[in-house]
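*Asks:* Residue numbers (full-length UniProt numbering): 1 to 289.
Here you go:
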C-alpha cells in the first residue's frame with residue numbers, strides 16, 4: 001500500500017510536470033490539468049457492532065459502543081472528505097445492521113463487512129471500536145495484521161496503526177499496553193501457506209483480499225475517566241474522528257500533499273518539494289488515476 005501510494009503521488013507529479021512544460025513536447029495546454037492530477041484512494045470505515053449485534057456498554061452512564069463508534073466513524077468520514085484525494089465508504093450509515101439485522105449472526109455480519117470492502121475495491125479498511133474491561137483499564141490500542149501469509153499487508157497495517165495511534169495519543173489518550181498490537185488465532189486457524197492466521201475476523205478477511213485493515217480500540221467505555229475525557233460530548237467524539245482521519249491521511253501521504261490557489265498558480269507541496277504550476281482558476285475537480 002505504501003508503494004502504491006508513492007507510485008500514485010509520483011505519477012501525479014510527473015503528469016503535471018509534463019503538462020506544464022517541463023517536458024514541453026508532451027503537454028501543450030493548461031486545460032489538460034484535470035481530474036487525474038491527484039490520486040484517489042478508497043477508504044472503508046466500519047463502525048463496529050450495530051443495533052442487532054451490540055457491543056460493550058457502560059450501564060452507569062448509558063454509553064453504548066455501537067452508537068459511539070458510528071458517531072466517531074461519521075466524523076472521520078466528514079474530515080476525510082475534505083480532501084479530494086479520498087473516496088470514503090461507510091459500512092453502515094445508521095445504527096442498524098445493513099446485512100439482515102438480528103437474523104444474521106455476528107460471524108456472518110463480519111464476513112459481509114469484509115465482502116463490502118472487497119466490492120468497493122478498498123485501499124484501506126478501518127474498524128472503529130471501544131474497549132471494555134475492569135474499571136481501572138484505560139487507553140488506546142490499535143490492532144494490525146500479523147506478518148504471516150501476505151507479509152506486506154502486515155507491514156503496511158503496522159505503519160497505518162502507528163500513524164493513527166500517534167494522532168490519538170496526541171489528544172491525551174494514554175497508550176494501553178504496547179499500543180499497536182497483533183492478535184493471532186487462538187484455535188490454531190491457519191492461512192493457506194500453513195502460517196498462523198490473525199484472530200480478528202475483519203483483519204484476516206481483508207488480508208485475503210489484499211487490503212490492509214486495522215481495528216482501533218479508541219479508549220475504554222468501562223473506564224469513568226476515559227468516558228468523561230473522550231466520549232462525553234459530540235465535540236469530543238468529533239475530535240476522535242478527526243484524529244483518526246489525520247492518521248489515515250498521514251499514512252496515505254495526503255497531509256504532505258497540499259492544494260492551494262494563488263492567483264494563476266496551483267501549488268503541490270510534498271515535504272520540501274514545491275512545484276508551482278499555472279492553471280485556470282475554474283479547474284477544481286480532483287479525481288482518481
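Cβ atoms here follow ideal geometry from the backbone N, Cα and C, with glycine treated the same way.
Please read all numbers here as calculations on a predicted model, not as lab measurements.
Who does residue 126 pair with in a DSSP beta bridge?
*Replies:* The partner list for residue 126 (beta bridge, DSSP) reads 45, 214.
*Asks:* Assuming residue 171 contacts residue 143 under a Cβ cut-off of 8 Å, what Cβ separation, rounded to an integer in Å, is found between them?
*Replies:* About 19 Å; that fails the 8 Å criterion.
*Asks:* Under 8 Å by Cβ, that's how I've got residue 97 and residue 46 pegged, so tell me the actual separation to the nearest angstrom.
*Replies:* Not a contact, Cβ separation roughly 12 Å.
*Asks:* Rounded to whole angstroms, what's the CA-CA distance from residue 264 to residue 83? Just pull it up for me.
*Replies:* Reliability fails at residue 264, whose pLDDT of 32 lies under 50, so the model's placement of it is uncertain and no value is given.
*Asks:* Is there contact between the region 212–228 and the region 146–158, where contact requires at least three CB pairs shorter than 8 Å?
*Replies:* Enough Cβ pairs lie closer than 8 Å, so yes.
*Asks:* Measure the alpha-carbon distance for residue 80 versus residue 233 and round it to whole angstroms.
*Replies:* So the alpha carbons of these two residues sit roughly 21 Å apart.
*Asks:* Kindly indicate which three-state DSSP category residue 290 falls into: helix, strand or coil?
*Replies:* What the structure shows of the chain is the stretch from 1 to 289, and residue 290 is not part of that stretch, so it cannot be assessed.
*Asks:* Quick one: grab the DSSP three-state call for residue 141.
*Replies:* Three-state result, residue 141: strand.
*Asks:* Hey, residue 137 and residue 61: beta-carbon distance below 8 Å or not?
*Replies:* In this structure, residue 61 does not lie closer than 8 Å to residue 137 by Cβ.
*Asks:* Helix, strand or coil for residue 219? Go by DSSP, reduced to three states.
*Replies:* Note: residue 219 maps to strand in three-state DSSP.
*Asks:* Cα-Cα, which of 40, 219, 149 is closest to residue 135?
*Replies:* When only C-alpha atoms are compared, the closest one is 219.
*Asks:* In three-state terms, what does DSSP make of residue 91?
*Replies:* It is coil, neither helix nor strand.
*Asks:* At a cut-off of 7 Å, would you count residue 151 as near the ligand SAH, judging by its Cβ distance to the nearest heavy atom?
*Replies:* With respect to the ligand SAH, the structure shown offers nothing to examine, as it has no ligands at all.
*Asks:* Check whether the region 240–258 touches the region 70–78, counting contact only when three or more Cβ pairs, one atom from each stretch, lie closer than 8 Å.
*Replies:* Touching, yes, given that three or more Cβ pairs across the two stretches are closer than 8 Å.
*Asks:* So within the region 58–124, which uninterrupted alpha helix (DSSP H) runs reach at least 4 residues, ignoring any that extend past its ends?
*Replies:* For the region 58–124, whole alpha helix (DSSP H) runs of length 4 or above, ordered along the chain, are 65–80, 106–119.
*Asks:* Residue 53 and residue 94 - do their beta-carbons sit closer together than 8 Å?
*Replies:* No. Outside cutoff.
*Asks:* Under the assumption that residue 217 contacts residue 140 (Cβ atoms under 8 Å), give the Cβ distance between them as a whole number of angstroms.
*Replies:* With 8 Å as the limit, residue 217 and residue 140 qualify as a contact, their Cβ atoms being about 7 Å apart.
*Asks:* Over the uninterrupted alpha helix (DSSP H) stretch that includes residue 228, give me the two end residues.
*Replies:* No alpha helix (DSSP H) holds residue 228; DSSP gives it neither H nor E.
*Asks:* Under 6 Å Cβ to Cβ from residue 153, same chain only, skipping five residues before and after it: list those, please.
*Replies:* For residue 153, where only same-chain residues beyond five positions count, the Cβ hits under 6 Å are 145, 207, 212.
*Asks:* Taking 8 Å as the cut-off, decide whether the C-beta atoms of residue 188 and residue 198 are in contact.
*Replies:* It is not a contact, given that the beta carbons lie outside the stated cut-off.
*Asks:* If you count every other CB in all the chains shown that lies within 10 Å of the CB of residue 119, and 16 or more means buried, which is it?
*Replies:* Classification for residue 119: exposed.
*Asks:* Please report the straight-line C-alpha distance between residue 227 and residue 58, rounded to a whole angstrom.
*Replies:* So the two alpha carbons sit approximately 9 Å from each other.
*Asks:* List the endpoints of the continuous alpha helix (DSSP H) containing residue 245.
*Replies:* Counting along the chain, the alpha helix (DSSP H) containing residue 245 begins and ends at 234–252.
*Asks:* Using DSSP bridges, identify the partner residues of residue 196.
*Replies:* In the DSSP output, where bridge partners are listed per residue, residue 196 has 190.
*Asks:* Is it true that the CB of residue 127 sits closer than 8 Å to the CB of residue 205?
*Replies:* Not a contact, by the Cβ cut-off of 8 Å.
*Asks:* State the Cα-Cα distance for the pair residue 91 and residue 99, rounded to the nearest angstrom.
*Replies:* Taking the straight line joining both Cα atoms gives about 10 Å.
*Asks:* So residue 195 and residue 131 are supposed to be a Cβ contact under 8 Å. How far apart are they, rounded?
*Replies:* 27 Å between Cβ atoms; not a contact.
*Asks:* Whole angstroms are fine: how far does the CA of residue 203 sit from the CA of residue 237?
*Replies:* Approximately 24 Å between the Cα atoms of the pair.
*Asks:* I'd like to know whether the C-beta of residue 148 is nearer than 8 Å to at least one C-beta of chain B.
*Replies:* Absent from the structure is chain B; it holds one protein chain and no more.
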